[in-house]
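In my numbering, the protein residues as written are 2 to 146.
Note that the Cβ used here is the ideal one computed from N, Cα and C, for glycine as well.
Model, not experiment: these values are computed from the prediction.
Here is the structure we will look at.
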């Protein structure tokens, strides 16, 4: 979906951030949400596969329970014009891949203190995700594949 400049519901799409096997992610802005968002939209040809749709919706439902500085917040999710979507908080800055290549070009590798700081933040976010409970106190059952 190369939809730069398109309107998707209340979202105006600015640029593609990436894509995977199930969905593309675009930088977008909504009239209702003042901050930019990462708008993840399922590819149309996937929307007919019930197991994948269920997994996509479950991702949004579970992520909605997570409030942590290391985890992008979910603003909304749903289906619009037959397309399933999740609007995540957009976190500006380089990706880990960009950081890796930048360090590889300048110093040959990511400095160990930077790797340790990133790993500590990831562990903290994973601990948060794995210890959250739902509204009635049951474990969310978040599994990372």
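DSSP places residue 15 inside the beta strand (DSSP E), whose first and last residues are 12 to 20. Considering only 23, 33, 67 and 75, the residue with the shortest C-alpha distance to residue 51 is 23. Taking every protein chain shown into account, the CB of residue 82 has fewer than 16 other CB atoms within 10 angstroms, so this residue is exposed.
In the DSSP assignment, residue 84 is bridged to 81. Under the three-state reduction of DSSP, residue 31 is assigned to strand. Contact between the stretch 28 to 48 and the stretch 85 to 104 is present: 3 or more CB-CB pairs across the two stretches fall below 8 Å. Collapsing the DSSP output to three states places residue 107 in a helix.
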